[in-house]
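Colleague: My structure is below; once you've seen it, I'll send some questions.
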Amino acid sequence: MLEIKNLHASVEDKPILRGIDLTIQPGEVHAIMGPNGSGKSTLAHVMTGRDGYEVTEGEVLYRGKNILEMAPEERAGEGLFLAFQYPVEIPGVTNTTFMKEALNSIRRYRGEDELDAMQFMKVIREKTKQLGVSSDMLKRAVNVGFSGGEKKRNDILQMAVLEPTLAILDETDSGLDIDALKTVADGVNLLRSPENATLVITHYQRLLDYIVPDFVHVLASGRIVKSGDKTLAQELEKKGYAEFTGQAA
Amino acid sequence: MKQDNAMTTPFVDQYDSLKPELPGSALPWMTALRDRAMDAFSASGLPTQRRESWKYTNLRNLTQLELDGQSLAPRPVSIDRAPSLLPDGSAYRIVFVNGDFRADLSDLADLPAGAVIGGVAALSEDEPECVERLLAQHKGIEDQPLVALNTALMRDGLLLQLDAGCKLERVLEVIHVNSAQNGVFAHNARNLISLGAGSEATILEHHLGLDDSAYYINAANDVTLDEDATLRHYRIQAEGKNAVHTSTTNGELAGNSFYDGYTLSVGAALSRNETKMNLTAEGANCHLNGGYLMRSQQHCDTTTVVEHLAPQTSCREVFKGVLDGRSRGVFQGRIVVRPNAQQTDGHQLNKVLLLTDTAEINAKPELEIYADDVKCSHGCSAGEVDHDALFYLRSRGLSETSAKALLIQAFLAESVSEIGAVELQDLFLEKISDWLAV
Ligand SMILES: Nc1ncnc2c1ncn2[C@@H]1O[C@H](COP(=O)(O)OP(=O)(O)O)[C@@H](O)[C@H]1O
Ligand SMILES: [Mg+2]
């Protein structure tokens, strides 16, 4: 469903991604691991359409469509979702308003009817219950005054509500205690189906105990330098990335 | 300071011929007051940018209106319904069309004892002592040319006077509807508001242009609050897009009185909203808040001067501006703390979102503090819509337009939330959405 072919991208003329090839099939979970600064977030941003990145070569096809030409909101409509490494605070906009706008925008994109306030609240109640998150955060401004863990939980709640077909999690596990980690895993596992796929960007093997990947890739200096199954993650946990940073330099 | 000023002449030249038909012309004190005001005005002329407090705003647009001999006479237009923002019967309503009081469109039934509400022109006939007393409470003629002009030529406006202890239970909606469809005009609206000790009122005032015709409104508002009085004064300036609107409010706040002001400016080609508040006795408190949303080549000037003249007085100002196109905003906020005004509290914030590279804000906060035991803070900032927030919203499916609108609305909501009459906040939020939806 996702095909990344020879993707090169620069920031301010500095090449960051230097030839990425990655194919993800429906139903699969892929993990990308790699040292800081290797380009993991850049890859997630280029896929979801953040500005400031220039794609100099290659393409990204999602269900056969070249998504690099699309606006971020169109990609969201196509089923892409990014859980941010650093979720953004938006003062003055409540979570409820935001999520309702988001869900209805995506429904409109897909040609589905919008939900009214009652129908929307029903969805929210169901999802907060499934994830075991408190509905207190719905009335608060998006991520404002949230702890690190609450912000990540909020992103996962959004994911559960929007039901993407490809979810990308950018270090959603960093800095989380075990309970929050389980919320994240629950969110991902809730979405898992033969039609959906997940791309987990992480530093640690820990999350992968809960979200078991089918494939693990090592990203170093803007390239995928090694791929394997879940045992690769365990290996990396023991040995670190020294081998790859050396090789890439 | 004689100024050779092309915009001043039409007003000065016509004064003598207009004088006999101005309201109150039979009252010697009124005529004397007008004469003095016209002398002061012709000496100073309309303010130009040479005046420090008018550095960023130029009234030269007025020449484009080509005001003539007819422009200062009433120009009635026919309207059979007042564009009210509140449900019939839920508020007192007073309507002015091109400046003139329209009793037929107003609803002033069931006023409580101790309340006088009406048009200044009619009351100059019926209750001249009341008008005289209210006009004597403020002296803005010498150093405020626009107030001098207004005093010389004023025709009509709101008069609200509450006796001690009188509480208006319903909101007083003041509607000023304008249209130059029957010819260009300049109107000097005089609004006199005087609240006796412990009295209370809430005013929702809106200025509305019916079309894109050009006209000039020069309003002067005199606000006097006696001990423990409370005035909630919320305004929407939505004049036609070719209009010029200047408004000068002079307030005198007695001990423990409270003025809660909010002004939303979206209209006029050029507008200036100047507020000067004197906090004259312990416990006087004023809130001057507002939002300004401008686009294309609109110009909006917000000028505030708060004088702390007594100990333990406080003021709070929260202004938010959104400037699109080639529009221009001006914010001048002066807080003066006089030597004996110890333990005063002043807080001022002006934040602006610039939606384009060509929009511009000139901000000038001024703190003049002559006392040592005071808490005063001010903050000014201008920036673009937060890029990260915009991407975050778009990545969740919101279009660029609706994501921006949501962020702008949230930005402005911070000032709207300062409105003390919470039940009126939604109305302001709706006006903001309307602006964003254009
Ligand atoms: N907006 C930016 N401006 C300049 N450099 C950037 C920007 N974004 C990322 N980079 C650089 O790109 C490289 C990869 O960053 P990133 O994708 O965030 O790495 P990772 O997520 O793997 O830690 C780093 O060297 C980083 O400094
Ligand atoms: Mg990263």
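Note that the protein sequences, when read in sequence, are chains U and H. Sequence positions in the first sequence follow my numbering and run 1 to 249. Sequence positions in the second sequence follow my numbering and run 1 to 438. Just so you know, even glycine gets a beta-carbon here, dropped at the ideal spot from N, CA and C.
#1: Anything with a beta carbon under 5 angstroms from a heavy atom of ligand 1 counts; list them all in chain order.
#2: Considering only residues of the same chain and omitting the five flanking positions on each side of His-207 (chain H), which have a CB-CB separation below 6 angstroms?
#3: At 8 angstroms on the CB atoms, spell out the chain U contacts of Ser-402 (chain H), in chain order.
#4: Measuring alpha carbon to alpha carbon, tell me which residue in H:Ala-103, H:Ala-310, H:Tyr-92 and H:Ala-121 is nearest Ala-115 (chain H).
#5: Counting only the same chain and skipping the five closest in sequence on each side, list residues whose C-beta sits under 6 angstroms from that of Asn-314 (chain H).
#6: Apply the 10 Å Cβ neighbour rule to Asn-261 (chain U) and answer buried if 16 or more other Cβ atoms are within range, or exposed otherwise.
#7: Measuring straight from C-alpha to C-alpha, what distance separates Tyr-62 (chain U) and Tyr-210 (chain U)?
#8: Rounded C-beta distance between Thr-224 (chain H) and Gln-137 (chain H)? I'm assuming under 8 angstroms.
#9: Beta carbon of Met-89 (chain U), beta carbon of Phe-215 (chain U): below 8 angstroms?
#10: Between the alpha carbons of Leu-17 (chain U) and Leu-131 (chain U), how many angstroms are there, rounded?
#11: Does the separation of the CB atoms of Asn-221 (chain H) and Glu-418 (chain H) fall below 8 angstroms?
#12: According to DSSP, is Gln-237 (chain H) helix, strand or coil?
#13: Can you confirm whether Pro-91 (chain U), when its beta carbon is compared against all beta carbons of chain H, has any partner nearer than 8 angstroms?
#14: Taking C-beta pairs closer than 7 angstroms, name the residues in chain H that Thr-48 (chain U) reaches, listed in chain order.
#15: Going by C-alpha to C-alpha distance, which of U:Val-11, U:Ala-167 and U:Gln-158 sits closest to Asn-95 (chain U)?
#16: So with CB distances below 7 angstroms, who are the chain U contacts of Asp-388 (chain H)?
#17: I'd like the list of long-range same chain contacts for Ser-381 (chain H), defined as Cβ closer than 6 angstroms, with 5 residues on each side in sequence excluded.
#18: Indicate whether at least one CB of chain U lies closer than 8 angstroms to the CB of Phe-391 (chain H).
#19: Which of the three DSSP states is assigned to Leu-204 (chain H) in this structure?
#20: What separation, rounded to the nearest whole angstrom, lies between the Cα atoms of Val-260 (chain U) and Thr-198 (chain U)?
#21: DSSP has Gly-261 (chain H) in a bridge; who is on the other side?
#22: Using a Cβ-Cβ cutoff of 9 angstroms, what residues of the stretch 113 to 128 of chain U are near chain H? List them in chain order.
#23: Flag Asp-170 (chain U) as yes when its Cβ comes closer than 7 angstroms to any non-hydrogen atom of ligand 2, and as no otherwise.
#24: Ligand 4 and Gln-85 (chain U): does the residue's C-beta get closer than 7 angstroms to at least one heavy atom of that ligand?
#25: When DSSP labels each residue in this structure, what does Lys-100 (chain U) get in the three-state scheme?
#26: Residues in the stretch 403 to 421 of chain H with C-beta within 9 angstroms of chain U's C-beta atoms, listed in sequence order?
#27: Got a sec, what are the start and stop residues for the beta strand (DSSP E) Met-277 (chain H) sits in?
#28: Taking Cβ-Cβ distances shorter than 9 angstroms, what residues in chain H pair up with Ala-76 (chain U)?
#29: Could you check whether the Cβ of Phe-146 (chain U) sits closer than 8 angstroms to any Cβ belonging to chain H?
#30: Taking the beta strand (DSSP E) that Lys-226 (chain U) falls in, what are its first and last residues?
#31: Enumerate in chain order the residues of its own chain whose CB-to-CB distance from Ala-249 (chain U) is below 6 angstroms, with the five nearest sequence positions on each side excluded.
#32: Name, going along the chain, the residues of the stretch 154 to 186 of chain U whose beta-carbon falls closer than 8 angstroms to a beta-carbon of chain H.
#33: By alpha-carbon positions, which one of H:Ser-179, H:Gln-144 and H:Ser-194 ends up nearest to Gly-118 (chain H)?
#34: Rank U:Ala-31, U:Leu-22 and U:His-45 by C-alpha distance to the C-alpha of Gly-11 (chain U) and give the top, closest one.
#35: List, in order along the chain, the chain H residues whose C-beta lies closer than 8 angstroms to that of Tyr-109 (chain U)?
#36: Can you check DSSP and say which residues form a bridge with Asp-156 (chain H)?
Modeller: By the coordinates alone:
#1: U:Val-11, U:Ile-16, U:Asn-36, U:Gly-37, U:Ser-38, U:Gly-39, U:Lys-40, U:Ser-41 and U:Thr-42
#2: His-176, Gln-237 and Glu-239
#3: Glu-101 and Ser-105
#4: H:Tyr-92
#5: Here residue 314 (chain H) turns out to be Ser, not Asn, going by the sequence shown. Closer than 6 angstroms at Cβ, skipping near neighbours: Asn-285 and Asp-345.
#6: In the structure displayed, chain U extends from 1 to 249; residue 261 (chain U) sits before or after that span and is not available.
#7: 26 angstroms
#8: 5 angstroms
#9: First, the amino acid is wrong: residue 89 (chain U) is Glu here, not Met. Not closer than 8 angstroms, so no.
#10: 35 angstroms
#11: no
#12: strand
#13: yes
#14: Ser-395
#15: U:Gln-158
#16: Val-88
#17: Lys-351
#18: yes
#19: strand
#20: This structure gives no information on residue 260 (chain U), because the portion of chain U shown stretches from 1 to 249.
#21: H:His-233 and H:Leu-288
#22: none
#23: yes
#24: In the structure shown, ligand 4 is absent; the only ligands present are ligand 1 and ligand 2.
#25: helix
#26: Ala-403, Leu-406, Leu-407, Gln-409, Ala-410, Phe-411, Leu-412, Ala-413, Glu-414 and Ser-417
#27: 270 to 279
#28: Arg-394, Ser-395, Arg-396, Gly-397 and Leu-398
#29: no
#30: 223 to 228
#31: Because the pLDDT at Ala-249 (chain U) is just 40, under 50, the model does not fix this residue reliably, and the point stays unresolved.
#32: Gln-158 and Leu-162
#33: H:Ser-194
#34: The sequence shown places Val at residue 11 (chain U), rather than the Gly named in the question. Nearest option by C-alpha distance: U:His-45.
#35: Gly-397
#36: H:Ala-189
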